[in-house]
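Chemist: Before I ask anything, here is the structure I am working with.
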DNA sequence: GTACGTAGTACCCAAAAGGATACTGTAAAA
DNA sequence: TTTTACAGTATCCTTTTGGGTACTACGTAC
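Residue numbers (this note's numbering), protein chains in the order written: chain D, 3 to 136; chain L, 3 to 136.
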């Protein structure tokens, strides 16, 4: 439809940040995009990369990503079935975003040794504070 | 506790991307951070910037951001009450992330003229495709 | 003396998100 | 002949998230 690229986003009940987060929202979308950035994957390949996800959830998240146009789904009519998931060109434009998210996570988020709990580098952000000046 | 900055994140049931998203997750956190990046705001100032948020939700989201250590809350014991919210140094490290999210939102997310519905620039990403090669 | 602005809480409810489990059909491998 | 891998669905249930409304206290302005 060749919409004029009017930044109608300004009317969004929030801001461009929220707008983007809308598409990344969902428990597994971040990881999925992260892995697909590296290359096409089959359904069960993805599943193995996300040990904790259930089949149902993986399917759901992939369908949503597909509907957004960020990920493509290609079915090969063979048996056993072969379905490949890949980033679309539009999806690839998210690369800088995913990289920014990953970089921050690497620098500031830790798992407590015991379990699954996350924690921020709140202990004064010793080393990281340098990055602040840069 | 001066944890060695071991990247325990590698054990996270997802990846650094998910880890970061964990902290941005919540219907209003993105917008709040976006606005606080520009400077300290009082509770009702924020509220005016987010016409659609309810008092209860704004409070909740702010408390969560405070608990993460991304935002600080300063109470001035005067009457009427005065409470100021500001980014912490740790919160400020999110700036590149917020900027990346905002940039992508600006470029690729549109509101349909009618209403509140979001849509991606899926019509072939005409202009944006150039950015892909860069 | 009533209303207003400030920064919230408390309580209840609806909707959405996520999870557990079981089931499908085909072909090749064991 | 049973099992395995593949890529899912279907059904049900629990948890989380978000929203609506009413209430608070205090001091000032009208």
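Each residue gets a CB set at the ideal place from its N, CA and C atoms; glycine is no exception.
1) What do you get for residue 57/D, buried or exposed, if any count of 16 or more other CB atoms within 10 angstroms of its CB means buried?
2) By DSSP, does residue 55/L sit in helix, in strand, or in coil?
3) Can you grab the Cα-Cα spacing for the pair residue 110/D / residue 87/L, in whole Å?
4) Do you know how far the Cα of residue 33/D is from the Cα of residue 102/L?
5) In this structure, does DSSP put residue 33/L in helix, strand or coil?
6) According to DSSP, is residue 40/D helix, strand or coil?
7) Name the chain L residues whose beta carbon is nearer than 7 angstroms to that of residue 107/D?
8) On the CB-based measure, 16 or more other CB atoms within 10 Å of its CB, does residue 41/D come out buried or exposed?
9) State yes or no: is the beta carbon of residue 36/D nearer than 9 angstroms to at least one beta carbon in chain L?
10) What's the C-alpha gap between residue 8/L and residue 66/L?
11) Assign residue 20/D to buried or exposed, taking buried as 16 or more other Cβ atoms, counted over all protein chains shown, within 10 Å of its Cβ.
12) Looking at residue 18/L and residue 105/D, is the spacing between their C-beta atoms short of 9 angstroms?
13) What number of angstroms, rounded off, separates the C-alpha of residue 95/L from the C-alpha of residue 80/D?
Modeler: With the given structure in hand:
1) exposed
2) coil
3) 21 angstroms
4) 18 angstroms
5) helix
6) coil
7) 11, 18, 19, 21, 22
8) The residue in question, residue 41/D, is exposed, as its Cβ has fewer than 16 Cβ neighbours within 10 Å.
9) True, the Cβ-Cβ gap to chain L drops below 9 angstroms.
10) The predicted model places residue 8/L with a pLDDT of 34, which falls under 50 and marks its position as unreliable; any figure quoted below should be read in that light. Taking C-alpha positions only, residue 8/L is separated from residue 66/L by approximately 25 angstroms.
11) buried
12) yes
13) Approximately 49 angstroms, taken between the alpha carbons.
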